[in-house]
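Engineer:
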Amino acid sequence: MAPQTSLWLRFTLRLGGCLFLWWVLTGGRPSSWIIGVPTIALALWVMNSAPQNPALNISFVGLIQFIPYFLLQSVRGGIDVAHRACSISLPLDPRIIDFPLNLPAGRAQIFFLNSVSLLPGTLSADLVGKTLKVHVLDHKVDPRLHQLEFQVARLFNCPLRGGDD
Amino acid sequence: MALTDLITAFLLLGSLGFFLAGTLGLLRFPDLYCRLHALTKADNLGLGLVVLALMIQSDSWQVVIRLLLIWLLVLVAGATVAHLIARKAQQDGHQPWRR
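Protein sequence lines, in the order shown, are assigned to chains A and B.
Numbering follows my numbering, in which position 106 of the first sequence is assigned residue number 165; successive positions increment by one, without gaps.
Numbering follows my numbering, in which position 12 of the second sequence is assigned residue number -7; successive positions increment by one, without gaps.
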């Protein structure tokens, strides 16, 4: 495909996605487009200004395996933090730990960053080069970030590399 | 009908517990980083339970998809904002609280 054509295709897909999202969220009420049209224009402009990634390559099998994993971890994360907040002794022993990322930069990495914050006891604090600074509520608990990284790599069909390149 | 109402009530009560715990964490936790944990995780689970409760009560597929989308968008927004706040705090040199 010529680059010009694929640019137009990408724009059309994004526009279509935004229109569909707004339509579903507002139930298609005509007056909502007064807000909707400027919002969509702004969203498209932001998407265009961001660095462009290659086409999305989501693995269906990866997605089917990721959803229950993510839901289970979210529930565990919520229960864990609720338990800590309600305990009289306030069981916290936080640290900032370094996690060397093995995922390639781009979508998969951003997806990983956001997922880390929803997992039990971990919060992605800062990305310095290829090292993720993770705030953990209790440094004695293994945050199992490699497991999440494996799940995200399978979801995005991308290889996990060492931190050497 | 009664059974679905019962499940909805159960889920809403559960969500109330998580929202309360999240707020308690916001008030009790010692520093910014820990408070972000309480907000993102407890509130996301609380909202997830509200969404689930409303899904059971809804009578059209469009509403179910809309509720699911709302939850996913709040999830993404919550995690992104938490990361941005934590990153700013890191770059400003805020040291995390230690026991």
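Where is the CB? At the ideal position from N, CA and C, for every residue including glycine.
From a predicted model like this one, the values you see are computed outputs, not experimental measurements.
Give a yes or no on whether the C-beta atoms belonging to ASP157(A) and LYS199(A) are separated by under 8 Å.
Structural biologist: For ASP157(A) and LYS199(A), no; Cβs fall outside 8 Å.
Engineer: Quick one: residues in its chain with C-beta nearer than 7 Å to the C-beta of ALA67(B), no 5 flanking neighbours on either side, listed in chain order?
Structural biologist: Here the set comprises TYR14, LEU17.
Engineer: So VAL195(A) is in the beta strand (DSSP E); what residue range does that whole segment cover?
Structural biologist: It spans 190 to 195 - the beta strand (DSSP E) in which VAL195(A) sits, taken as one unbroken run.
Engineer: To the nearest whole angstrom, what separates the beta carbons of ARG203(A) and GLY121(A), a pair I think is in contact under 8 Å?
Structural biologist: No, ARG203(A) and GLY121(A) are not in contact; Cβ-Cβ is about 18 Å, not under 8 Å.
Engineer: To the nearest angstrom, how far is it from the Cα of ALA102(A) to the Cα of SER90(A)?
Structural biologist: So the alpha carbons of these two residues sit roughly 19 Å apart.
Engineer: What is the C-beta distance between LEU151(A) and LEU196(A), in whole angstroms, given that I count them as a contact (C-beta under 8 Å)?
Structural biologist: About 6 Å separates the two Cβ atoms, so the contact holds.
Engineer: Can you tell me the Cβ-Cβ gap for LEU84(A) and LEU1(B), rounded? I've got them flagged as a contact below 8 Å.
Structural biologist: With a Cβ gap of about 28 Å, LEU84(A) and LEU1(B) do not count as contacting.
Engineer: Let me make sure I understand the geometry here. Which of PRO218(A), SER183(A), GLN63(A) has the alpha-carbon closest to that of LYS22(B)?
Structural biologist: The candidate whose alpha carbon is nearest that of LYS22(B) is SER183(A).
Engineer: Please state whether DSSP places LEU182(A) in a helix, a strand or coil.
Structural biologist: DSSP places LEU182(A) in strand when its eight states are reduced to three.
Engineer: Report yes or no: is there a C-beta of chain B within less than 8 Å of the C-beta of LYS189(A)?
Structural biologist: Chain B contact via Cβ: absent.
Engineer: Using 8 Å as the limit for Cβ to Cβ distance, is PHE(-1)(B) near chain A?
Structural biologist: So, interface residue.
Engineer: Looking at chain A, which residues of the segment -10 to 16 of chain B have a Cβ within less than 9 Å of any of its Cβ atoms?
Structural biologist: If the cut-off is 9 Å between Cβ atoms, the segment -10 to 16 of chain B has GLY(-2), PHE(-1), LEU1, ALA2, GLY3, THR4, LEU5, GLY6, LEU7, LEU8, ARG9, PHE10, PRO11, ASP12, TYR14, CYS15 near chain A.
Engineer: List the whole-angstrom C-beta distance separating THR79(B) from PRO153(A), where the pair is believed to meet the contact cut-off of C-beta under 8 Å.
Structural biologist: Before going on, a small fix: residue 79(B) reads as Arg here, not Thr. That pair is a contact at about 7 Å.
Engineer: Name the residues in the segment 21 to 48 of chain B whose C-beta lies less than 8 Å from a C-beta of chain A; which are they?
Structural biologist: Of all residues in the segment 21 to 48 of chain B, THR21, LYS22, ALA23, ASN25, LEU26, GLY27, GLY29, GLN43, ILE46, ARG47 have a Cβ within less than 8 Å of some Cβ in chain A.
Engineer: For PRO171(A), which option in ILE94(A), HIS142(A), GLN206(A), LEU74(A) has the closest C-alpha, if you only look at C-alpha atoms?
Structural biologist: The amino acid occupying residue 171(A) in the given sequence is Phe; Pro does not appear at that position. Measuring from the Cα of PHE171(A), the nearest candidate turns out to be GLN206(A).
Engineer: Among LEU130(A), ILE123(A), PRO159(A), which has the Cα closest to the Cα of SER174(A)?
Structural biologist: When each option's Cα is compared against that of SER174(A), the closest is LEU130(A).
Engineer: Mind checking VAL105(A): buried by the 16 CB within 10 Å criterion, or exposed?
Structural biologist: Exposed.
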